[in-house]
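Everything in the sequence shown is counted per our numbering, starting at 1 for the first residue and increasing by one. Just so it is clear, CB atoms sit at the ideal spot from N, CA and C, and this is done for glycine as well. Below: one structure, written as structure tokens.
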Amino acid sequence: MLLTVGSPTLAAYSLVLTVLNGRWIARRFSSYKFPNIRQAVRILSSLQQSPLQINAQNSLLASLIVLPHNDEWWRELVIWLDYTHTWSISAVTSIAWVIIAYIFTVIDSFTGDITTSVNANGEGVGSLWIWLLPIVIGWLQISPKCDANRLFQAMRRANNIAFVAEPSGTPVLATSISQEHAISLKQGVGDPLYRDESCTVPLYNYARFLPWVQAVEEVSEMFRAASQHAHLHLSVNPSVEWEKEEKYPAGVDPKNRIGTREQVEVYCVPLGEQPWPNRRSIWGPNVFSRIAIASLTALSLQWGTTGAAVVAVWLTPTTGKFYTLASQSTV
Numbered sequence: 001m002l003l004t005v006g007s008p009t010l011a012a013y014s015l016v017l018t019v020l021n022g023r024w025i026a027r028r029f030s031s032y033k034f035p036n037i038r039q040a041v042r043i044l045s046s047l048q049q050s051p052l053q054i055n056a057q058n059s060l061l062a063s064l065i066v067l068p069h070n071d072e073w074w075r076e077l078v079i080w081l082d083y084t085h086t087w088s089i090s091a092v093t094s095i096a097w098v099i100i101a102y103i104f105t106v107i108d109s110f111t112g113d114i115t116t117s118v119n120a121n122g123e124g125v126g127s128l129w130i131w132l133l134p135i136v137i138g139w140l141q142i143s144p145k146c147d148a149n150r151l152f153q154a155m156r157r158a159n160n161i162a163f164v165a166e167p168s169g170t171p172v173l174a175t176s177i178s179q180e181h182a183i184s185l186k187q188g189v190g191d192p193l194y195r196d197e198s199c200t201v202p203l204y205n206y207a208r209f210l211p212w213v214q215a216v217e218e219v220s221e222m223f224r225a226a227s228q229h230a231h232l233h234l235s236v237n238p239s240v241e242w243e244k245e246e247k248y249p250a251g252v253d254p255k256n257r258i259g260t261r262e263q264v265e266v267y268c269v270p271l272g273e274q275p276w277p278n279r280r281s282i283w284g285p286n287v288f289s290r291i292a293i294a295s296l297t298a299l300s301l302q303w304g305t306t307g308a309a310v311v312a313v314w315l316t317p318t319t320g321k322f323y324t325l326a327s328q329s330t331v
């Protein structure tokens, strides 16, 4: 957190990126109609503060999205990730006192004797540190998931109940086959270049931005493909007749979501397109626009507060014995 001392630019940049990512992922998934869409948006958005990794090999991710056996995985992980309660009476009271104190400082600069109090009312210092308010309030409102131990524990508990499709068509627990999981968190990143990415402090969201966008885009593409197939009333197993039931999420009957491993993988490939790994790119959609908006907002906060403090000090009349002696010597 020492990176925020003296300058809010990095903290504000990560904060704005987090907000923009939340809006982007909500819009990205808004056109899909398939079970667990809402849970996927909440989970992926909550995992911005973690070193997220996606594994689409061996139909792990496709099974997690398609199989009805994994509905519990999505529901339970949402519950286990919903543990932060950052707003409290003490936090609100502290923020209110800071605002009230600054308001009184500004009022005092207009009502007091400017020739005697302009150098002592602290208006410049108050303006210099006023950037703390939007940063603190913003992170409190977003309520980031910063506890690394709880994040890893939640993912571990959820992955213990994840199912994977088998060639026989009967899903089995993924842990009974291997320790690989569709969605997990990177552990023990040894490369010093990736230490910021593995740190769950919200300040380091900037380091996870591109990897997180890639992970979300990969999940999004598979949900899009499944939504396309469901929209055309195509079952995972082509031999199973489509049955639409309004009582099920997105109107998809569980029997239409079961098939062999190959069928599940094909179901998660967009119609008429190549599988996702052949089209993968290091850049996601709207990346540069979000970077530009976050950068401009962070720099505006930096120089809006620092600039106001500089102007207040620059326009303050100089007083004191040294100024008096210097004025007399120039006469």
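Quick one: what does DSSP say residue i is sitting in, helix, strand or coil?
| i | result |
| --- | --- |
| Q53 | strand |
| S184 | strand |
| F104 | helix |
| V172 | strand |
| V19 | helix |
| V236 | coil |
| F209 | helix |
| F163 | strand |
| F29 | helix |
Since residue i and residue j are thought to touch, with beta carbons under 8 Å apart, how far apart are those beta carbons, to the nearest angstrom?
| i | j | result |
| --- | --- | --- |
| P35 | D82 | The pair is not a contact, with the Cβ atoms about 19 Å apart (cut-off 8 Å). |
| L185 | Q49 | Rounded, the Cβ-Cβ distance is 10 Å, inconsistent with contact. |
| V66 | C268 | 7 Å |
In whole angstroms, give me the CA-to-CA distance for residue i and residue j.
| i | j | result |
| --- | --- | --- |
| R38 | P68 | 15 Å |
| W407 | L301 | Residue numbering for the chain in the displayed model covers 1 to 331; residue 407 lies beyond these limits and cannot be assessed. |
| H181 | R28 | 24 Å |
| V118 | V310 | With a pLDDT of only 49 at V118, under the threshold of 50, the placement of this residue in the model should not be trusted; the figure read from the coordinates follows. So the two alpha carbons sit approximately 14 Å from each other. |
| E243 | V252 | 7 Å |
| I161 | L173 | 7 Å |
| G307 | A96 | 24 Å |
| S327 | I89 | Note that S327 has pLDDT 42, beneath the 50 cutoff, so the model's placement of it is unreliable and no number is given. |
| A56 | A62 | 7 Å |
| D108 | I99 | 14 Å |
With distances taken from CA atoms, which of the options is nearest residue i?
| i | options | result |
| --- | --- | --- |
| D51 | F152, N256, I258 and E265 | Reading off the sequence, residue 51 comes out as Pro, not Asp. When only C-alpha atoms are compared, the closest one is F152. |
| L60 | Q48, I135, I79 and P167 | P167 |
| R257 | G284, A226 and P285 | A226 |
| A11 | A91, R261, F288 and I137 | I137 |
| I142 | F104, N205 and A162 | N205 |
| V287 | K255, R208, F163 and T170 | R208 |
| V213 | D108, P8, L20 and I89 | L20 |
| L17 | C146, G304, R290 and L299 | R290 |
| Q228 | P8, L15 and Y32 | Y32 |
| I79 | A91, A158, P270 and E262 | A158 |
| W131 | D108, L15, V266 and A56 | L15 |
| S220 | P270, E76, T175 and P254 | P270 |
Closer than 7 Å, CB to CB, is residue i near chain B or not?
| i | result |
| --- | --- |
| R261 | The displayed structure is made up of one protein chain only, and chain B is not part of it. |
Quick one: using the 10 Å Cβ neighbour count with 16 as the cut-off for buried, is residue i buried or exposed?
| i | result |
| --- | --- |
| S94 | exposed |
| V331 | The predicted model places V331 with a pLDDT of 45, which falls under 50 and marks its position as unreliable, so this point remains unresolved. |
| L232 | exposed |
| N278 | With a pLDDT of only 49 at N278, under 50, the local geometry of the prediction cannot be trusted, and the value read off the model is given with reservation. Its Cβ having fewer than 16 others within 10 Å, N278 is exposed. |
| G284 | buried |
| W170 | It should be noted that the sequence gives Thr, not Trp, for residue 170. Looking at its Cβ environment, which holds fewer than 16 other Cβ atoms inside 10 Å, T170 is exposed. |
| G272 | exposed |
| T111 | exposed |
| R23 | exposed |
| E241 | exposed |
| A101 | exposed |
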